[in-house]
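Inspection log for the structure reproduced underneath, given as structure tokens.
4 protein chains.
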Amino acid sequence: MERNVDVAHLGHVEIYTDKFDESLDFFTRVYGLTESGRDETSAYLRAFDDYEFQSLKLTRHHTTGVGHIGYRAASPEALQRRVAVIEKAGYGLGWVEGDKGHGRAYRFQDPFGHVFELYWDTVRYQAPEAERPALKNIAQRYHGRGCCPRRIDHVNLLAEDVAVFRSFMETCLGSRVTEMIQLDNGRVGGCWFTVNNKTYDLACTEEHGGGAGRLHHVTYATDQREDILRAADVFLENGVHIETGPHKHAIQGTFFLYVWEPAGNRVELANAGARLILQPDWETVVWTETERRKGQAWGLKTIDTFHTHGTPPAHRKAG
Amino acid sequence: MERNVDVAHLGHVEIYTDKFDESLDFFTRVYGLTESGRDETSAYLRAFDDYEFQSLKLTRHHTTGVGHIGYRAASPEALQRRVAVIEKAGYGLGWVEGDKGHGRAYRFQDPFGHVFELYWDTVRYQAPEAERPALKNIAQRYHGRGCCPRRIDHVNLLAEDVAVFRSFMETCLGSRVTEMIQLDNGRVGGCWFTVNNKTYDLACTEEHGGGAGRLHHVTYATDQREDILRAADVFLENGVHIETGPHKHAIQGTFFLYVWEPAGNRVELANAGARLILQPDWETVVWTETERRKGQAWGLKTIDTFHTHGTPPAHRKAG
Amino acid sequence: MERNVDVAHLGHVEIYTDKFDESLDFFTRVYGLTESGRDETSAYLRAFDDYEFQSLKLTRHHTTGVGHIGYRAASPEALQRRVAVIEKAGYGLGWVEGDKGHGRAYRFQDPFGHVFELYWDTVRYQAPEAERPALKNIAQRYHGRGCCPRRIDHVNLLAEDVAVFRSFMETCLGSRVTEMIQLDNGRVGGCWFTVNNKTYDLACTEEHGGGAGRLHHVTYATDQREDILRAADVFLENGVHIETGPHKHAIQGTFFLYVWEPAGNRVELANAGARLILQPDWETVVWTETERRKGQAWGLKTIDTFHTHGTPPAHRKAG
Amino acid sequence: MERNVDVAHLGHVEIYTDKFDESLDFFTRVYGLTESGRDETSAYLRAFDDYEFQSLKLTRHHTTGVGHIGYRAASPEALQRRVAVIEKAGYGLGWVEGDKGHGRAYRFQDPFGHVFELYWDTVRYQAPEAERPALKNIAQRYHGRGCCPRRIDHVNLLAEDVAVFRSFMETCLGSRVTEMIQLDNGRVGGCWFTVNNKTYDLACTEEHGGGAGRLHHVTYATDQREDILRAADVFLENGVHIETGPHKHAIQGTFFLYVWEPAGNRVELANAGARLILQPDWETVVWTETERRKGQAWGLKTIDTFHTHGTPPAHRKAG
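Chains as they are written, first to last, in the working numbering: chain A, -8 to 310; chain B, -8 to 310; chain C, -8 to 310; chain D, -8 to 310.
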């Protein structure tokens, strides 16, 4: 069967914060995104080489977590094809008008409460004079402020049943599962999805905290691992809670660093090196619990909060 | 119009050498590829995370240059579609049986004498015991021998008329032109092509030496820029001719290092950082001669031999 | 008071192993040292830019641990001055004839059983043809084999009373204490010593295992942090036990990675960046237990074995 | 003969600028130094881990170049010893009161017009609240602004007769010559000096422009080579003239990048990796013209302006 390529890439993630000013300061001054716009409820943020107006929409809210996840379709026709499939599958919510960052979008929802949208019409970032790059093949100048990642990389969501979530992703976005965790109890512990040649653009791991529609983390990509080591010092000096890392994931082999932004949302910086999934008939790499017990690639044990902390906070404790 | 995605990725390049033993020693011990097989005329080589049996076929020959360039199709159906298009366009040569690295392939030729092939059936690399990786999501262990690049990245060919070559690539492979050089005399100085999310998998620059079907260079990707700095010392200590670099290309922003293998073929190591072309409606970045005169990204002037040296050697001098 | 500069630098460490062949294979093929000589009991090893014949003497023994630690004096006269001081202080053992790596040396012993020696006459490494560097200002070619560190960096010893050990070091070698840990119970938890501009060449931490004269680890310096990230993959692929890291020490700010060689001796790779102690009136940085509880620089908690594992193994467990 | 160690380290360099505001903006915002003080004529600047109040004194002047070079003595007694030697040798100028950055200093002058000073009493940098580091063993927080080097590294001066300059350095500071260039005409092309374990803290190369007392460049050290690659992008985006690099010097093996600050003074960023001169009987490495013709370590040809451009501008052209 030929691989579906109707969806081009992850476009943006909307993050909720109940500490808007502190979160905005973190994302711009420390994490190194640029604010490209603002409206009553949200700041529109982007990494220096994101070609769209936004890749992170930071929204004032009564709590934390993810507002929605936006994917860009591969063409107007592909968008129509996808919407038809989503509607038929019963996940559809309907069209919305878009915002400062893109045009009309079709919204749909997974069984765990995460809202997605798919769109074609987008707003390309037009760098103002002061942000114009020296080289015309990047979207904005390399400003060097804060951690200065290059582009949005992926989002990680929590779901009570990852197998169900997998079905949702395969149906709605045509995503491939590049790697996954198969638990001894028969359940799926986690799935890593991609719609293109990136090793993953979305991951889903099992919800252990009783929450619904929760966010595990959102991630931007740096050009080099050294950017992440440097970022660790930037976080340290700015009093940011470093949760774990820098280290290398066993799954996907990504070099990583996790911190919590001031409102509590987990944010990652990651570097995949030159690893891509170019193989059209890639077979899902399946990790067992035994294999997972070895820890991360170089032996780091996964920190407890990594299994329990999500946003918004859940009422019952992880078990 | 929807983007054609019938072709998955560059699979392998066949390189001719008239100093087989020295070239093989270079590619395995210094450059850091692994020999996965051998037949009467050729050694089959691969980088540690190439999933196929081969990505570089090193072939004994009376001279140097490129034997052929292999691309893998996205599916058996896609292969059939492509072959129909290629035959109709008049570039076709016909089917061949394949070799140790892949099954039957359809061969075709550009107007300048470079032979291409497109195939679906491939031979996946099966790591022998000693090469089995600690982490199951890479194709072979990270052996750390020589420069140890991760995967094949791209090939650069010389053509007397780049605009004609562009038409060939768009027709046969459905490649996108991500960046190009527009000369003041109206000619196209160079084109960078991709069939997937890589920034380029093949480049074509203008032939100034009067040769036909010549190779400019073949390139493997390293995970980090530091790998390339380290490689420079490895080349230095092994008496390899370093032609230019390490530096950063203005075009595509790739960090690079060029050397000549013992038989004279130019070989590159490159790192693109986290840069990908995910945008479905990417518009070709066009560089003018004036812009090119600024040199590479950080000001390095392009070295003379870069404009003249190709393989096999050409009879008349560059003009 | 003027700083004593009679001692130039740490010269070599003798390591005992009860698995000589495995240890030698580790140190040469994986860790990346070069064997410059061999006698009945020992292999003489060195990093590519150590100027002396040896920096690590690997000796067959019935158990593991440290044989002796050698420092080179700043001049023949300085050696005589030091010997007079050491003898007078009662730490002296007397002169020995030296070995393949250096001439006569004066041996002395700390109260916890570690043997030291001080020497002036040394044997400079003369690179054989195959190891001659391309650039004449390094001692041996950058061979790129294994982790390929540049030079010996420091050794860490365990002592029941670090304050007593400090007195020994200040008396015998004129070492400065650049950083230290002051425990709440009034004891000294650890001291970092240097005789030159390096931030430390010897560290001593409190023995919790009831052993005597034990080794905590020996360390070589890499040029870049990236070399250590790369080394982590080399260790992983070679089945070496990675104990902790890569991460950044809070104390001294050194980027580190700890592994156990096959016989059980702990070995580190470290990178200090551009940090040096050039200040002649440097004041010891004193860390409290409260500060230490924050973990390493970026929050990594110190792994349990780091407090208990030393070589040779001790009979009673750490308390 | 025992090595003289009366001088501890290079302390600061005074740089003249006829574009004070532009130069100050460059050194603080782009190059990444911190302004610790200001008086009528000068701004006092420092890298984040320089322990003194200043390492670069930027002074308004009618032209460019170097005001003076300050070295810190190893002790008050050592200062007195040195002054006696300098006076006797006839290089002395006399005592000055010092400035915001240090106490009284003894000034002296080389035969080519460069003014030096030697001092013991210094002003340690006291980080204000906002600049206090998370880890107490560095002088100031790692601010991450601009290129953010760690510490001053060295200065390079031009002299009509390098052999004469060498004699001056050996006499006044007790410097060792770690490497040098021996020209075919019998003259010394360049000398690299150190007073401590750094590979060099001052270099002197032959003046070809007819100037007197000129500066070739001043250099700060970064922790990693990657910091220099990142800096190249920072310079590029800020319109700074990149003269040459990044590349690796053959002499001393230092990774380098040279730029011109707005007033025209050449400024370098450099990384020596883990290379130190710990050997007490180090023998000067002597490079011949033939060896120098190979270019830099990886083959980069030295750019013309590197041989001619110094500050202030000289009246006659280089010959």
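In this text, a Cβ means the ideal position worked out from N, Cα and C, and glycines have one as well.
In terms of Cβ geometry, A:A305 and A:R205 form a close pair [threshold 8 Å]. Around the CB of C:Q117, fewer than 16 other CB atoms lie within 10 Å, so the residue is classed as exposed. The Cβ-Cβ distance between C:A212 and C:N147 does not fall below 8 Å.
When the alpha-carbon of C:Y133 is set against those of B:T25, B:F297, B:N229 and B:D295, the nearest one is in B:N229.
If you check the CB distance, B:L269 and A:H0 come in under 8 Å.
Per the DSSP secondary-structure output, D:D90 pairs in a beta bridge with D:H93. Inter-segment contact for the stretch 235 to 246 of chain C and the stretch 9 to 25 of chain D is absent: fewer than three beta-carbon pairs are separated by less than 8 Å. Note on D:N187: 16 or more other CB atoms within 10 angstroms of its CB, so buried under the neighbour-count rule. Rounded to whole angstroms, the separation of the alpha carbons of C:A265 and D:N128 is 14 Å. With a 10 Å radius around the Cβ and a threshold of 16 neighbouring Cβ atoms, D:D175 comes out exposed.
Nearest CB-CB separation between B:W289 and chain D: below the 8 Å threshold.
Taking B:E274 as reference, the option from B:G177, B:V258 and B:T169 with the minimal CA-CA separation is B:T169.
At a Cβ-Cβ threshold of 8 Å, A:F246 and A:R216 count as neighbours.
In this structure B:T54 is exposed. Its beta-carbon is surrounded by fewer than 16 other beta-carbon atoms within 10 angstroms. The count of Cβ pairs closer than 8 Å, one atom from the stretch 111 to 126 of chain C and one from the stretch 90 to 102 of chain C, reaches three, so the stretches are in contact. Residues of the stretch 98 to 127 of chain B that bring their beta carbon within less than 9 Å of a beta carbon in chain C comprise P124, A125 and L126, in sequence order. Rounded to the nearest whole angstrom, the CA to CA distance from C:A34 to C:F44 is 11 Å. At a cut-off of 8 Å between beta carbons, D:G244 contacts chain C.
Going by beta carbons, B:I233 and B:V250 fall inside the 8 Å limit. For the C-beta of D:L24, not a single chain A residue is nearer than 8 Å; the gap to the nearest is close to 15 Å. DSSP places C:E274 in the coil class of the three-state scheme, outside both helix and strand. D:E26 and D:L126 have their C-alpha atoms spaced approximately 21 Å apart. Annotation: the continuous alpha helix (DSSP H) that includes D:D16 extends over F11 to D16. Distance from the CA atom of D:V231 to the CA atom of D:G135, rounded to whole angstroms, is 19 Å. DSSP places D:V(-4) outside both helix and strand once states are collapsed to three, so it counts as coil.
The closest CA to that of C:T162, considering only C:L49, C:A64 and C:A80, is found on C:A80. Secondary-structure assignment with DSSP links D:M171 through a beta bridge to D:C182 and D:V277. By the criterion of a C-beta distance shorter than 6 Å, B:V87 is surrounded in its chain by A96 and R98, once the five residues flanking it on both sides are discounted. Taking C-alpha positions only, C:A194 is separated from C:S46 by approximately 17 Å. Residues of the stretch 226 to 243 of chain A with a C-beta less than 7 Å from any C-beta of chain D: L227 and E228, listed in chain order.
Taking 8 Å as the cut-off, the Cβ atoms of C:L260 and A:W289 do not count as close.
Take C:F103, set aside five residues on each side of it, and the residues of its chain with a beta-carbon closer than 7 Å to its own are A150, E151, F156, A203 and G204, in chain order. For D:F247, the enclosing beta strand (DSSP E) covers residues F246 to W251. Check the Cα spacing between A:F107 and each of A:T196, A:I60, A:G201 and A:G83: the tightest is with A:I60.
If the five residues before and after D:H145 are omitted, its C-beta is found closer than 7 Å to the C-beta atoms of L1, Y191, D192, L193, A194 and T210, all from its own chain and listed in chain order.
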